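Protein chains in written order, with the working numbering: chain A, 25 to 257; chain B, 25 to 257.
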């Protein structure tokens, strides 16, 4: 009762990194479920599927009742190159063709760029938390998705912002797999038909890239149908 | 002799954050003096004096023999607002009018944004070092200019890049004052007539903002004339 009154007096605000995919959408619903007012931060970094993701992110922010939708373009990551997500000369491989290496969709230090922007926005707006949907344990193997990276970034936030600023970096999915995230989202009523995961830019999700592969596997494991159409169905 | 041969075989590369001001210009000459090939990274963040700074940075990169000039626009920092450097509704105060508070030219978490970009570029190019001209001790009081921030960011780099990546974050001026930086640069023959420091956007440096104040003080203390013209002279 007392907690509810305190919360009513001053709801805390969170900057949520919202790409428009299923993980970050679930993340935004988790943040809302924890009582945060949501500032949705959508970052374009020259990825092939930019337009689709933006559209999904805007729709979800609106469904969620986000207090702000802040869009940032960091096209320089595309110019820095060296990733199949941004460099159109490097093809996106089908999931079946990738070995154990770091995938070609690796964007060097991408999450640090996203978190730096999120922290600037959070400090300027007086937000108390940043939510990022990174996962260490599943398919990615990206070094900037691991918990030890998040812990180090929390230090950077603590040391690099004003003395009076307190921003908590939340990565609630860091030790979850995609099926666990999906189950969390299903319980919160996340509208997965509004999300986009595929790495390829076609009308329908390709069903064959790494992102589609793991998305479909998660729905299969959770025992519910994926509400989006696939090109290979 | 042996060191010279090794260096000839494979010179190390450094990404240098080069704004075009006197500190970052001195920094680039320090990096070159230490034997690095220079990739100049110039970041516009919607500051009032963007055009002038870019022109200076390009000229200096060319004088230095930089192997690459990489320009990035992070105009979103201007949209995030809350700083007189980027928000044109907040006036730049004269140095004499500022109290002990964090100055209005504070851009929230700016250096983390710059270092995230620098790290992405360094990892993509295989560079071994990043140089940033931050100073903790002098006029700024910005939390993301302190050594403890740099140490935390080194951890983020180590944990957030590929296992085979080794990038050293160098902030050689973190404990220097502006006069010491200037003396270092004068010894290396830095062409200070090509640099721009003023926070105001006029034909000549205003001579009265914080940046001009400390620049002139440094030249006075070093006992050499500042080669740039001032509007109040």
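Note that beta-carbon positions come from the ideal geometry of N, C-alpha and C, so glycine has one too. Owing to the predicted nature of the structure, the values given are computational and were not obtained by experimental measurement.
Beta-bridge partners assigned by DSSP to residue 40/A: 64/A and 155/A.
Around the beta carbon of residue 81/B, 16 or more other beta carbons lie within 10 angstroms, which makes this residue buried. A straight-line Cα-Cα distance of about 45 Å links residue 220/B and residue 84/A. Judged by DSSP secondary structure, residue 174/B falls within the alpha helix (DSSP H) whose first and last residues are 171-184. The Cβ of residue 36/B sits no closer than 8 Å to any Cβ of chain A. For the set 180/A, 139/A and 253/A, the Cα lying nearest the Cα of residue 226/A is the one of 253/A.
Annotation: Cβ neighbours of residue 144/A in chain B (cutoff 7 Å, chain order): 101, 104, 132, 133 and 137.
For residue 168/B, the nearest beta carbon of chain A is closer than 8 Å to its own beta carbon.
In the three-state DSSP reduction, residue 166/B falls in the coil class, being neither helix nor strand. With contacts defined by Cβ atoms closer than 8 Å, residue 256/A and residue 232/A form a contacting pair. Residue ranges of uninterrupted alpha helix (DSSP H) with 4 or more members, entirely inside the stretch 190-243 of chain B and ordered along the chain, are 202-211.
In terms of beta-carbon proximity, residue 214/A stays away from the interface with chain B, with every pair separated by 8 Å or more. Contact with chain A is found for residue 172/B, since one of that chain's Cβ atoms lies less than 8 Å from the residue's Cβ. Under the Cβ criterion of 8 Å, residue 179/B is counted among the residues facing chain A. A direct Cα-Cα distance of roughly 29 Å separates residue 193/A from residue 240/A.
The stretch 142-160 of chain B makes no contact with the stretch 150-161 of chain A: fewer than 3 CB pairs, one atom from each, lie closer than 8 Å. Residue pairing from DSSP places residue 95/B in a beta bridge opposite 66/B. Residue 254/A is bridged by DSSP to 229/A. Annotation: the continuous alpha helix (DSSP H) that includes residue 147/B extends over 134-149. Around the beta-carbon of residue 66/B, 16 or more other beta-carbon atoms lie within 10 Å, marking it buried.
Leaving aside the five residues that flank residue 96/A on each side, the residues in its chain whose CB is nearer than 8 Å to its CB run, in chain order, 65, 66, 67, 68 and 141. Interface with chain B (8 Å Cβ-Cβ cutoff): residue 140/A is included.
In the DSSP assignment, residue 49/A falls within the unbroken alpha helix (DSSP H) covering 46-57. At a Cβ-Cβ threshold of 8 Å, residue 158/B and residue 169/B count as neighbours.
Residues of chain A with a Cβ closer than 7 Å to the Cβ of residue 96/B are, in chain order, 100. Of all residues in the stretch 180-191 of chain B, only 180, 181, 182, 183, 184, 185, 186, 187 and 189 place a beta-carbon less than 9 Å from a beta-carbon of chain A. Proximity of the stretch 131-140 of chain B to the stretch 51-60 of chain B falls short of the contact definition, fewer than three beta-carbon pairs being nearer than 8 Å.
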